[in-house]
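Enquirer:
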Amino acid sequence: MRANFLILVLLGAALPLFSQQGSIDHPHIRWQYDAGAPVRGGMAIDGDRLYFGNSDGVLFCLDKAAGRLVWQFKTGGAITCTPAVVDGKVIFQSRDNRVYALKASTGKPAWQFKMQGSAPHTWGWDYYTPMPVISGRQVLIGSGDHHLYALDLKTGKETWSFEAGDKIRAAPLVAENRLFAPAFDGYVYVLDPATGAETGKFKTEGVGYYDKVYGWDRTSITGQPALNNGRLVFGSRDGGLYCIDARTLEQKWRFAYGASWVGSAPVIDGQTVFVGWSDQLVFSAFDLETGKERWQYNCKAYVYATPVTDSRNVYAGSFNGKVYGFEKETGKVAWEYQTGNAVLSSPALENGVLYIGSDNGRVYAFENGPPTFKAVYQPRKIVENELLSDKRIAPWLEEQGYQRLDTTDLGQFMRDRIRDGNPSVVVFAHEYLPGDVSGDDPDQSLLKKYMESGGKVVWLAFLPKYWTPDKDLNIVAFNPGYSAKLLGLDFDIHMDFGTYYAKTTNAGLEWGLPAEFTAPGSTIRGGEGLVVLAANEFGRIVSFYKPFGNRPGAGFVSFRSWSLTPIREADMMTIMAVAEHGL
51 MRANFLILVL
61 LGAALPLFSQ
71 QGSIDHPHIR
81 WQYDAGAPVR
91 GGMAIDGDRL
101 YFGNSDGVLF
111 CLDKAAGRLV
121 WQFKTGGAIT
131 CTPAVVDGKV
141 IFQSRDNRVY
151 ALKASTGKPA
161 WQFKMQGSAP
171 HTWGWDYYTP
181 MPVISGRQVL
191 IGSGDHHLYA
201 LDLKTGKETW
211 SFEAGDKIRA
221 APLVAENRLF
231 APAFDGYVYV
241 LDPATGAETG
251 KFKTEGVGYY
261 DKVYGWDRTS
271 ITGQPALNNG
281 RLVFGSRDGG
291 LYCIDARTLE
301 QKWRFAYGAS
311 WVGSAPVIDG
321 QTVFVGWSDQ
331 LVFSAFDLET
341 GKERWQYNCK
351 AYVYATPVTD
361 SRNVYAGSFN
371 GKVYGFEKET
381 GKVAWEYQTG
391 NAVLSSPALE
401 NGVLYIGSDN
411 GRVYAFENGP
421 PTFKAVYQPR
431 KIVENELLSD
441 KRIAPWLEEQ
451 GYQRLDTTDL
461 GQFMRDRIRD
471 GNPSVVVFAH
481 EYLPGDVSGD
491 DPDQSLLKKY
501 MESGGKVVWL
511 AFLPKYWTPD
521 KDLNIVAFNP
531 GYSAKLLGLD
541 FDIHMDFGTY
551 YAKTTNAGLE
561 WGLPAEFTAP
571 GSTIRGGEGL
581 VVLAANEFGR
591 IVSFYKPFGN
601 RPGAGFVSFR
611 SWSLTPIREA
621 DMMTIMAVAE
631 HGL
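Plus 50 on top of the position in the sequence shown (first one is 1) and you've got the working numbering.
#1: Below 8 Å on the Cβ atoms is my guess for G562 versus A627; work out the distance and round it to an integer in Å.
#2: Using DSSP's beta-bridge definition, name the partner residues of C111.
#3: Throw me the rounded Cβ distance for the G157 and F123 pair, which I believe falls under 8 Å.
#4: Distance check for R467 and P243, CA to CA, integer angstroms please.
#5: Going along the chain, which residues of its own chain have a beta-carbon closer than 6 Å to the beta-carbon of E560, five neighbours each way excluded?
#6: Give me the Cα-Cα distance between R442 and Q321, rounded to the nearest whole angstrom.
#7: For N391, which of helix, strand or coil comes out of DSSP?
#8: Do the region 369-378 and the region 332-350 meet, that is, are 3 or more Cβ pairs less than 8 Å apart?
#9: Can you check which of these residues, I218, Y260 and E213, is closest to E248 by C-alpha distance?
#10: Are the region 468-484 and the region 588-596 in contact at 8 Å, needing three or more beta carbon pairs?
#11: Given a cut-off of 7 Å on the beta-carbon distance, is the pair S314 and V325 in contact?
#12: Are there 16 or more other CB atoms within 10 angstroms of the CB of K521, so buried, or fewer, so exposed?
#13: Go through the region 145-207 residue by residue and report every complete run of the beta strand (DSSP E) that reaches 3 residues or more, in order.
#14: Identify which residue in A565, G579 and A585 has its Cα closest to the Cα of T573.
#15: Please report the straight-line C-alpha distance between I79 and G72, rounded to a whole angstrom.
#16: Can you list, in chain order, the residues of its chain with a C-beta nearer than 6 Å to that of D195? Leave out the 5 residues immediately preceding and following it.
#17: Pull up the distance between the alpha-carbon of L201 and that of V140, whole angstroms please.
#18: Whole angstroms is fine: what's the gap from V108's alpha carbon to Q450's?
#19: What's the C-alpha gap between M181 and G192?
#20: Which ranges would you report for the beta strand (DSSP E) in the region 548-623 if only whole runs of at least 3 residues count?
#21: Output the boundary residues of the beta strand (DSSP E) element that contains P420.
#22: I need the DSSP call for F369, collapsed to helix, strand or coil.
#23: Which same chain residues, not among the five before or five after G605, have their C-beta less than 8 Å away from its C-beta?
#24: Can the beta-carbon of A220 be found closer than 7 Å to that of G273?
#25: Less than 7 Å between the beta carbons of G632 and G603, yes or no?
#26: To the nearest angstrom, report how far apart Y259 and T132 are at their CA atoms.
#27: Give the range of the alpha helix (DSSP H) segment to which I468 is assigned.
#28: Could you please give me the residues that DSSP links to E400 through a beta bridge?
#29: So, using beta-carbon positions, are D96 and V149 closer together than 7 Å?
#30: Within this structure, are the beta carbons of W509 and S396 separated by less than 7 Å?
#31: Provide the residue(s) that pair with Y347 in DSSP beta bridges, ordered along the chain.
#32: To the nearest whole angstrom, what separates the beta carbons of D113 and D98, a pair I think is in contact under 8 Å?
#33: Going by CA-CA distance only, name the one from P420, A392, G589 and Q453 that's closest to S408.
#34: Under three-state DSSP, which class holds Q494?
#35: Cβ of F234 within 7 Å of Cβ of D261?
#36: Can you tell me where the beta strand (DSSP E) holding W327 begins and where it ends?
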């Protein structure tokens with residue numbers, strides 16, 4: 051696969067990378083790496099290494115199998131491009147207006163090239179800098195100073211430069227001895243890759259909008275074109291997805307959802323074009339020959355990340371924080387994973403592993419695994435009482451793909467997971483435990499057997515059977531004995547109904563908890579085998595993880611970051627992060 055990847059980089063082709071070990075239908079996280087700042091650029095793979103940058107200006111090199119840091123290099127500006135790796139060098143640009151070439155093995159500088167300062171632009175939305183494209187012994191790279199530079203691969207010295215009418219933020223494409231360079235002025239320039247001489251240009255509708263006051267940019271071309279069968283496809287902020295003849299520059303078709311920007315660079319897989327959109331909030335597939343829409347999926351958020359395909363699926367990220375796997379033929383969502391922050395990073399795929407970054411500062415390596423089951427439990431017939439964590443939790447998690455469980459099917463869900471052994475989680479939005487789940491003896495309970503078999507329980511209020519309810523689920527007494535025995539807890543007081551400042555431990559940060567929050571009062575002083583995730587100002591434990599069984603992440607997790615105040619979207623995002631951590 052390494053040879054294939056290098057060929058794609060050398061040609062500058064926006065072609066899909068294919069998995070050699072089948073599609074990812076049931077994603078499991080092989081590893082995740084905390085880069086400390088948003089990761090918006092794409093991933094570059096070379097041999098056993100993975101290269102990417104973050105918004106703090108750091109270029110990282112990881113062992114791609116384990117996600118371990120090999121080296122890092124600090125620049126003077128954010129890195130939002132996909133690096134190129136060739137000839138023993140990793141090449142990229144930073145918002146400090148420099149192009150860097152580092153030794154791929156050590157991260158030591160080989161050379162750097164200083165561009166001019168980035169020119170002012172009428173509108174903002176300048177998310178990405180272009181990735182370098184290697185053509186022969188030249189590095190081709192666009193800039194914010196209106197120029198496309200050709201640099202000597204060995205020395206970094208300028209070979210030639212071409213000046214467009216505005217910034218060049220799209221990576222160029224080299225094919226059939228022609229160089230296609232889109233720019234912010236609405237033109238796709240055609241150049242001689244050896245000399246930089248202009249041999250033609252294609253004018254988009256956006257040229258007519260240039261410098262006109264619409265309240266937003268309706269001219270720029272920001273994504274690398276894709277080429278297949280002589281058809282050049284690219285998107286514009288004028289709202290159009292264009293297909294032109296690569297030789298004659300004749301327009302074959304143009305598709306638009308009104309004035310919505312084309313958000314991502316397109317990818318062509320066979321006779322299908324895959325692309326993300328801005329204000330339309332969709333990810334779509336089009337017929338390469340006719341431009342007819344084949345399918346669309348409403349992500350309810352912008353899609354700017356360039357997709358990648360394998361034999362069955364197409365993968366993309368969205369501003370809603372999700373990484374999606376779509377079936378290529380139908381657009382059906384095969385799976386989705388919520389990172390907790392916007393995903394502008396373009397994924398890379400090799401040997402059945404998908405690598406992608408998020409604005410949460412993490413890079414994820416997804417691989418295929420057994421089916422994962424996610425559920426949220428809340429009785430259908432409830433009253434407004436203290437056993438209910440918050441009535442908005444269950445509907446919100448249902449929208450995220452969680453199965454809703456009632457008192458009648460909670461036990462069956464657990465028994466099914468014990469039998470099939472698949473990874474699973476149940477988020478308890480209500481404290482009431484049906485008798486077939488709790489039993490009288492916690493050591494013999496279905497709840498404990500479920501966790502010991504590899505299931506995860508996320509508990510969002512007081513502990514299991516801490517309260518004794520009447521037939522209407524109203525609290526009539528409390529008894530901490532059940533939870534003390536089930537979880538091995540040590541209590542130092544009977545009750546504390548206050549709300550206090552809580553600070554998250556390093557373990558809690560890894561689980562996705564906020565660094566600090568206001569938590570309901572706790573009575574937990576400690577316990578056997580507990581992993582403390584957060585503690586309050588009295589030193590009492592307000593969030594913890596108790597492992598059960600042999601599966602990493604299986605067991606009991608207690609968390610709550612709201613009490614007297616209504617639950618927020620951020621709280622529910624944290625619930626989901628905790629539920630899906632290590633799943």
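The beta-carbon is built from N, C-alpha and C at its ideal position, and this holds for glycine as well. On a predicted model such as this, the values are computed, not experimentally measured, just so you know.
Expert: According to the structure data:
#1: 3 Å between Cβ atoms; contact.
#2: Paired residue(s): Y101 and W121.
#3: Confirmed, about 5 Å.
#4: Straight-line measurement puts the Cα of R467 at about 59 Å from the Cα of P243.
#5: Leaving aside the five residues that flank E560 on each side, none in its chain has a CB nearer than 6 Å to its CB.
#6: In a straight line, the C-alpha of R442 is about 44 Å away from that of Q321.
#7: In the three-state reduction of the DSSP assignment, N391 falls in the coil class, being assigned neither a helical nor a strand state.
#8: Yes, since at least three Cβ pairs between the region 369-378 and the region 332-350 fall closer than 8 Å, the two stretches touch.
#9: It is E213.
#10: By the Cβ rule, the region 468-484 does not count as touching the region 588-596, because fewer than three pairs are nearer than 8 Å.
#11: Yes. Within cutoff.
#12: Exposed is the call here.
#13: Assignment of beta strand (DSSP E) within the region 145-207, counting only whole runs of 3 or more residues, yields 148-153, 159-164, 183-185, 188-192 and 197-202 in chain order.
#14: Closest option to T573, judged by alpha-carbon separation, among A565, G579 and A585: A585.
#15: Straight-line Cα distance between these residues: approximately 16 Å.
#16: The residues are M165, Q166 and A169.
#17: Each residue's Cα considered, the two are about 14 Å apart.
#18: Distance between the alpha carbons of V108 and Q450: 33 Å.
#19: Straight-line Cα distance between these residues: approximately 8 Å.
#20: Fully enclosed beta strand (DSSP E) runs of 3 or longer: 549-554, 566-570, 574-577, 581-586, 591-597 and 605-608.
#21: Per DSSP, P420 belongs to no beta strand (DSSP E) and is neither H nor E.
#22: Assignment of F369 by DSSP, reduced to helix, strand and coil, places it in the coil class.
#23: Taking C-beta separations shorter than 8 Å and ignoring five residues to either side along the sequence, the partners of G605 in its chain run M501, K506, V507, Y595, K596, P597, F598 and G599, following chain order.
#24: Contact: yes.
#25: Yes, the pair counts as a contact, with Cβ atoms nearer than the cut-off.
#26: If you take the alpha carbons of Y259 and T132, they lie about 30 Å apart.
#27: Counting along the chain, I468 sits inside the alpha helix (DSSP H) bounded by residues L460 to D470.
#28: DSSP output for E400 lists V403 as bridge partner(s).
#29: V149 is positioned such that its CB atom lies no closer than 7 Å to that of D96.
#30: No, the Cβ-Cβ distance between W509 and S396 is not below 7 Å.
#31: Secondary-structure assignment with DSSP links Y347 through a beta bridge to F333.
#32: The beta-carbon separation of D113 and D98, rounded to 6 Å, stays under the 8 Å limit for a contact.
#33: Of the candidates P420, A392, G589 and Q453, the one whose C-alpha sits nearest the C-alpha of S408 is A392.
#34: Reduced to three states, the DSSP call for Q494 is helix.
#35: The Cβ atoms of F234 and D261 lie no closer than 7 Å to each other.
#36: Here W327 belongs to no beta strand (DSSP E), and DSSP marks it neither H nor E.
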